[in-house]
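This report concerns only the one structure given below.
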Amino acid sequence: MSGLLNWILWLPLITALILLFTPKGKDNLVRWISLVGTFLTFLLTIVLYMKFDTTVPGMQPAFNVSVPWIESFHIFYKLGVDGISMPMILLTSLLFFICILSSWTITKSTKGYFALLLMLEASVFGVFLSLDFFLFYVFWEVMLIPMFFLIGIWGGENKEYAAVKFFLYTFFGSILMLVGIIALYYVSGATTNSFDILHLQGGKWINETISIFGHNFSFANLFFVFMFIGFAIKVPVFPFHTWLPHAHVQAPTAVSVILAGVLLKMGTYGFLRISFPIFPQAAVSFSTCIAWLGLINVIYGALCAMAQTDVKKLIAYSSVSHMGFVMLGLAAMTVQGTNGAVLQMFNHGTSTAMMFLLVGILYERSHHRWIVRPDGSRGFGGLYTQLPKFSIVFIIGMFASMGLPGLSGFISEALIFLGIFQKFTTITVLAVVGLLIGAAYLLWMFKRMFFGDVIEECKSYTDMNAREIFYMIPLCVAVIVFGIWPSPILNIMKASVGKLVSLLAGFEA
Amino acid sequence: MGINYLANLALYIPELIAIVTMMGLLFLEATYKQDEKAHKYVFIGSLIGMVVCLVSLILNMQIAATPAFTNAVMIDPFSTMVKIIMTLGTIGAIYIGHSSKDVYQGLKSEFYILVIGALVGGMLLASANNMLTLYLGVETLSIISYVLASFKKNDDRSAESGLKYVLYGGISAGIMLFGMSHIYGVLGTIQFTGVLPKLASLSSMEIAILMPAFLLFFAGLGYKIACVPFHMWSPDVYEGAPLPVTAFFAIVPKLAGMAALVRVSMVFFSNEGMLQYGWLGTLQVVAALTMIVGNVAAINQRSVKRMLAYSSIGHAGVMLLGVVVVDAIGARAILFYGVTYLFMTLGAFYITSFVSDKYDNDHFDRFSGLLKRYPLMSIMMCIVMFSLAGVPPLAGFVAKFNILTAAINKQFYTLAVIAGVTSVISLYYYLKIVRLMVFKEAESDEKIEGFGFLNQLIIIGVTVPVVFLGIFWEKLMIIVNGASILTQ
Chain F
1 MSGLLNWILW LPLITALILL FTPKGKDNLV RWISLVGTFL TFLLTIVLYM KFDTTVPGMQ
61 PAFNVSVPWI ESFHIFYKLG VDGISMPMIL LTSLLFFICI LSSWTITKST KGYFALLLML
121 EASVFGVFLS LDFFLFYVFW EVMLIPMFFL IGIWGGENKE YAAVKFFLYT FFGSILMLVG
181 IIALYYVSGA TTNSFDILHL QGGKWINETI SIFGHNFSFA NLFFVFMFIG FAIKVPVFPF
241 HTWLPHAHVQ APTAVSVILA GVLLKMGTYG FLRISFPIFP QAAVSFSTCI AWLGLINVIY
301 GALCAMAQTD VKKLIAYSSV SHMGFVMLGL AAMTVQGTNG AVLQMFNHGT STAMMFLLVG
361 ILYERSHHRW IVRPDGSRGF GGLYTQLPKF SIVFIIGMFA SMGLPGLSGF ISEALIFLGI
421 FQKFTTITVL AVVGLLIGAA YLLWMFKRMF FGDVIEECKS YTDMNAREIF YMIPLCVAVI
481 VFGIWPSPIL NIMKASVGKL VSLLAGFEA
Chain E
1 MGINYLANLA LYIPELIAIV TMMGLLFLEA TYKQDEKAHK YVFIGSLIGM VVCLVSLILN
61 MQIAATPAFT NAVMIDPFST MVKIIMTLGT IGAIYIGHSS KDVYQGLKSE FYILVIGALV
121 GGMLLASANN MLTLYLGVET LSIISYVLAS FKKNDDRSAE SGLKYVLYGG ISAGIMLFGM
181 SHIYGVLGTI QFTGVLPKLA SLSSMEIAIL MPAFLLFFAG LGYKIACVPF HMWSPDVYEG
241 APLPVTAFFA IVPKLAGMAA LVRVSMVFFS NEGMLQYGWL GTLQVVAALT MIVGNVAAIN
301 QRSVKRMLAY SSIGHAGVML LGVVVVDAIG ARAILFYGVT YLFMTLGAFY ITSFVSDKYD
361 NDHFDRFSGL LKRYPLMSIM MCIVMFSLAG VPPLAGFVAK FNILTAAINK QFYTLAVIAG
421 VTSVISLYYY LKIVRLMVFK EAESDEKIEG FGFLNQLIII GVTVPVVFLG IFWEKLMIIV
481 NGASILTQ
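Going down the list, the protein sequences come from chains F and E. Note that the first sequence covers residues 1 to 509 in this note's numbering. Note that the second sequence covers residues 1 to 488 in this note's numbering.
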């Protein structure tokens with residue numbers, strides 16, 4: 001049993017290593033090996049899901065792995081899974097499997113592409129599974145290397161700029177986090193448990209102060225802010241979001257899917273796993289601030305999305321907006337709000353992945369993404385009559401991310417609003433406006449692209465092929481099923497979320 | 001006395017081996033008429049000598065701190081560890097010199113011999129235990145370095161670099177000597193051993209003289225490790241000097257100076273008081289400036305060698321953080337940093353040397369599209385660049401992590417954040433090389449002769465530790481931990 005997490009973590013990397021030893025020119029072999037590798041990983045996460053004990057709050061004792069790694073610094077190779085990381089792990093393994101399928105058309109150094117994608121998967125699992133702070137940091141950073149190359153080699157026209165900006169931005173955030181990690185290590189006595197995320201939890205450093213240039217700062221507040229910046233860059237929280245549109249637009253489809261579907265969640269996961277439990281008092285005192293930032297994300301992201309003429313950029317900004325809802329749910333610090341936030345992380349992962357995949361499918365046919373071209377003419381028109389299957393899937397994805405009742409986005413957003421309403425009434429009301437703008441830009445985009453006359457160049461487009469339909473099915477199913485029946489996910493997180501919320505409640509004034 | 005002297009010599013075997021190698025090679029070189037043959041034998045001889053020296057150093061690691069030659073030098077695990085790193089760096093420089101076109105064919109033997117001579121100076125500096133030995137070490141290292149810097153006789157820039165080095169070196173050595181004389185005037189001794197009690201009973205007047213005296217003294221060491229504001233010479237000298245020499249300069253003088261600085265800080269400034277406050281305050285400012293200036297100036301360079309020069313200034317700044325904490329955690333962090341810095345620097349210079357030999361210059365553009373032509377070499381260069389920037393799971397990250405722990409343990413949060421932010425800046429210019437190699441197309445399609453098997457083997461040998469020490473660094477941690485305690 002305890003080997004399960006190890007297998008989930010390392011199987012993608014083993015697959016990547018196998019890829020390196022495949023003979024040159026056998027692109028199909030490379031694709032199939034990576035497909036099998038990610039599929040097996042997905043099956044393993046399903047097994048993990050089956051064996052998951054929903055009654056245990058916190059880490060599942062059955063799966064814990066703990067091996068000393070660097071004893072001089074009390075660093076452990078420590079893995080574990082709880083109700084907050086479990087949905088993320090499912091999401092990760094599912095999306096990577098789908099991404100391999102969607103990348104079938106990649107022909108430029110195929111081997112390198114798939115190997116890097118698999119490396120990325122391993123490091124993402126590492127982030128979601130590790131319970132040692134040092135280990136967490138290593139995975140958090142390692143992830144940047146495959147991302148950098150994936151964007152920089154297989155990206156669009158302006159790929160280099162996007163790749164470098166992404167790398168530098170995230171690196172900057174994580175360096176601040178590293179300073180925080182080390183400070184925590186020493187403040188907790190540099191003992192065996194000092195890098196142990198679970199051991200550090202509980203808000204032990206309320207009265208600790210540190211002095212910088214003669215000014216005294218509260219230890220907890222200062223390092224909460226440090227780590228907040230590190231995670232906020234990843235989410236991305238306004239004003240740290242400027243890397244995101246570039247990275248998304250330039251990245252190849254599969255990488256956009258991973259970026260929006262999984263990597264953004266690492267930021268909010270960081271809040272849930274690290275910032276909030278370790279500095280609960282700081283989290284509580286900053287909660288209003290977090291809520292306002294979330295609101296800015298919701299409104300600003302939605303307005304930016306509305307202004308876009310590039311459909312991929314539009315989806316990228318809609319991610320900023322939707323991650324704002326997650327922030328709102330976190331700021332609530334209530335059971336419903338946190339449940340909603342985690343569920344929204346999962347649901348946004350599936351719905352935004354659908355949207356990016358669909359844009360990618362369209363791009364393979366049109367080789368452009370203009371809703372309205374710079375010269376004012378329409379980029380697409382009448383796709384609905386031209387590509388019926390594509391349109392149906394697009395409608396499902398769009399309505400899911402819009403939050404239409406019956407589809408997944410609705411439940412999580414409703415939970416978030418339920419959770420936050422009593423605490424931040426004004427913010428809730430304003431955030432609902434964001435929802436409205438969300439509906440507006442999506443429908444407007446849909447109208448411009450899918451209705452109206454079929455423009456000349458769209459007549460040559462072919463509808464989705466079997467492979468494309470095949471990999472859209474799981475996402476459609478997830479979006480619809482979890483829209484009607486969210487309990488499979490909610491049940492898993494219930495106990496862990498309850499534990500976190502009760503910890504935070506202890507510090508509420 | 002005679003027996004005692006012999007016992008002291010036994011402690012000094014590694015240095016003696018290096019000296020004997022140097023002398024022997026001089027004779028060997030003189031006995032052969034044919035240049036080709038002489039170069040080959042001298043090359044092999046120098047490598048053998050260095051390996052033997054390395055082995056004896058490793059054996060010396062067992063020896064607990066022992067002062068030798070009436071307290072003139074201190075043989076302790078700390079200095080021995082630094083010497084091991086320097087010897088490895090010298091071996092690397094000798095090998096790069098062997099394959100590089102930058103060292104003229106007719107001067108190869110002289111290069112090997114001089115480099116070993118400079119190493120002896122570096123070793124002396126690393127274990128110097130009184131002011132005079134320290135000065136002797138600095139000068140031995142410097143004088144040979146002046147010659148090495150201007151080794152490309154027909155190149156104006158090399159001559160310029162030699163001259164600049166002489167001027168800077170001469171002036172700063174003079175200033176250092178001036179400072180030392182004041183220190184001697186106040187303390188009445190040049191010894192490091194037993195100086196602490198004297199420091200405790202100083203009058204405020206004497207402290208007022210000592211503080212500027214130490215500042216002057218710092219000029220000499222500061223110039224060796226090339227920290228701000230004594231760094232001006234280093235980019236020009238690095239750029240003008242032949243590439244193998246630059247690699248040597250980036251490793252040996254820097255680490256030797258750093259070791260001496262650690263020892264001086266530990267000896268004179270481990271007790272709290274005005275003196276410590278002044279010295280460490282100066283070092284903190286210097287460290288911060290060095291990190292900022294080195295890394296910011298590296299951004300806009302067009303020559304890779306010059307970029308590496310500025311980046312090595314930045315690394316010196318990071319290492320200085322290990323000095324300002326004045327404790328064993330800082331010392332072990334410096335040792336760890338030294339080991340990883342050695343491998344990263346050798347890797348970077350080795351590849352740069354190969355590229356600049358192919359194209360006769362080392363502009364950034366020459367790295368364009370390198371991945372297609374030399375996949376293995378480019379991947380290794382990427383690893384080295386990421387490691388220099390401090391991206392996990394590579395050794396450079398662990399080294400920075402160690403330094404940061406030392407700084408944060410002493411609550412130097414501001415310095416830690418500066419170190420972090422400047423390493424983000426450094427990532428930018430290291431990524432420039434990665435970008436050119438991986439994302440760009442090559443300038444032309446001309447076929448270039450391959451990267452030989454031996455070269456591949458060596459570059460792998462240099463890069464593997466960079467990856468390995470990033471993941472399995474417990475063993476090295478134990479070693480540097482054991483070597484980090486400087487007893488006086």
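Just so it is clear, CB atoms sit at the ideal spot from N, CA and C, and this is done for glycine as well.
7 Å CB neighbourhood of residue i in its chain, flanking five on each side removed
{"i": "residue 164 of chain E", "result": "233, 236, 237"}
{"i": "residue 114 of chain E", "result": "144, 147, 148"}
{"i": "residue 1 of chain E", "result": "Because the pLDDT at residue 1 of chain E is just 48, under 50, the model does not fix this residue reliably, and the point stays unresolved."}
{"i": "residue 132 of chain E", "result": "190"}
{"i": "residue 510 of chain F", "result": "Outside the shown range of chain F, which is 1 to 509, sits residue 510 of chain F, and nothing can be said about it."}
Distance between beta carbons of residue j and residue i, contact taken as under 8 Å
{"i": "residue 122 of chain F", "j": "residue 12 of chain F", "result": "4 Å"}
{"i": "residue 418 of chain E", "j": "residue 291 of chain E", "result": "6 Å"}
{"i": "residue 293 of chain E", "j": "residue 192 of chain E", "result": "Rounded, the Cβ-Cβ distance is 31 Å, inconsistent with contact."}
{"i": "residue 108 of chain E", "j": "residue 178 of chain E", "result": "Actually they do not touch by this definition, with Cβ atoms about 39 Å apart."}
{"i": "residue 454 of chain F", "j": "residue 381 of chain F", "result": "6 Å"}
{"i": "residue 219 of chain E", "j": "residue 265 of chain E", "result": "Contact flag wrong, Cβ pair sits at about 15 Å."}
C-alpha distance - residue i paired with residue j, whole-angstrom precision
{"i": "residue 7 of chain E", "j": "residue 420 of chain E", "result": "47 Å"}
{"i": "residue 412 of chain E", "j": "residue 91 of chain F", "result": "41 Å"}
{"i": "residue 346 of chain F", "j": "residue 88 of chain F", "result": "7 Å"}
{"i": "residue 216 of chain F", "j": "residue 210 of chain F", "result": "6 Å"}
{"i": "residue 212 of chain E", "j": "residue 283 of chain E", "result": "13 Å"}
{"i": "residue 446 of chain F", "j": "residue 353 of chain E", "result": "57 Å"}
{"i": "residue 357 of chain F", "j": "residue 367 of chain F", "result": "14 Å"}
{"i": "residue 223 of chain E", "j": "residue 217 of chain E", "result": "11 Å"}
{"i": "residue 494 of chain E", "j": "residue 139 of chain E", "result": "In the structure as shown, chain E begins at 1 and stops at 488. Residue 494 of chain E is therefore absent and cannot be evaluated."}
{"i": "residue 264 of chain F", "j": "residue 249 of chain F", "result": "15 Å"}
{"i": "residue 235 of chain F", "j": "residue 299 of chain E", "result": "29 Å"}
{"i": "residue 430 of chain F", "j": "residue 326 of chain F", "result": "15 Å"}
{"i": "residue 12 of chain E", "j": "residue 337 of chain E", "result": "25 Å"}
{"i": "residue 151 of chain F", "j": "residue 440 of chain F", "result": "30 Å"}
{"i": "residue 390 of chain F", "j": "residue 462 of chain F", "result": "10 Å"}
{"i": "residue 50 of chain E", "j": "residue 23 of chain E", "result": "13 Å"}
{"i": "residue 159 of chain E", "j": "residue 152 of chain E", "result": "7 Å"}
{"i": "residue 30 of chain F", "j": "residue 224 of chain F", "result": "44 Å"}
{"i": "residue 261 of chain E", "j": "residue 83 of chain E", "result": "15 Å"}
Cβ-based neighbour list, residue i, same chain, cut-off 6 Å, excluding 5 preceding and 5 following
{"i": "residue 120 of chain F", "result": "146"}
{"i": "residue 276 of chain F", "result": "283"}
{"i": "residue 247 of chain E", "result": "93, 96, 349"}
{"i": "residue 101 of chain F", "result": "471"}
{"i": "residue 122 of chain E", "result": "86, 141, 252, 256"}
{"i": "residue 53 of chain E", "result": "14, 17, 18, 87"}
{"i": "residue 441 of chain E", "result": "369"}
In DSSP terms, what residue i is bridged to
{"i": "residue 130 of chain E", "result": "E:191"}
{"i": "residue 78 of chain F", "result": "F:66"}
{"i": "residue 67 of chain E", "result": "E:74"}
Residues near residue i by beta carbon distance below 8 Å, same chain, minus five either side
{"i": "residue 372 of chain F", "result": "309, 378, 379, 448"}
{"i": "residue 129 of chain E", "result": "67, 71, 72, 73, 74, 191, 192, 193, 263"}
{"i": "residue 426 of chain E", "result": "295, 298, 311, 314, 388, 389, 390"}
### Message
Tell me whether the region 380-393 of chain E and the region 416-436 of chain E touch, counting them as touching only if at least three CB pairs, one residue from each stretch, are closer than 8 Å.
### Response
Yes, the region 380-393 of chain E is in contact with the region 416-436 of chain E.
### Query
For the region 240-253 of chain E against the region 93-102 of chain E, are there 3 or more C-beta pairs whose distance is under 8 Å?
Touching, yes, given that three or more Cβ pairs across the two stretches are closer than 8 Å.
### Task
Count the CB pairs spanning the region 347-365 of chain F and the region 258-269 of chain F that are closer than 8 Å, and state whether there are at least three.
Yes, they touch.
### Query
Pairing CB atoms from the region 251-269 of chain E with CB atoms from the region 78-92 of chain E, are three or more of them under 8 Å?
yes
### Task
Determine contact between the region 49-57 of chain F and the region 482-496 of chain F, defined as no fewer than three beta-carbon pairs at a distance below 8 Å.
yes
#### Entry: Three-pair Cβ contact test at 8 Å for the region 96-110 of chain F versus the region 296-306 of chain F
no
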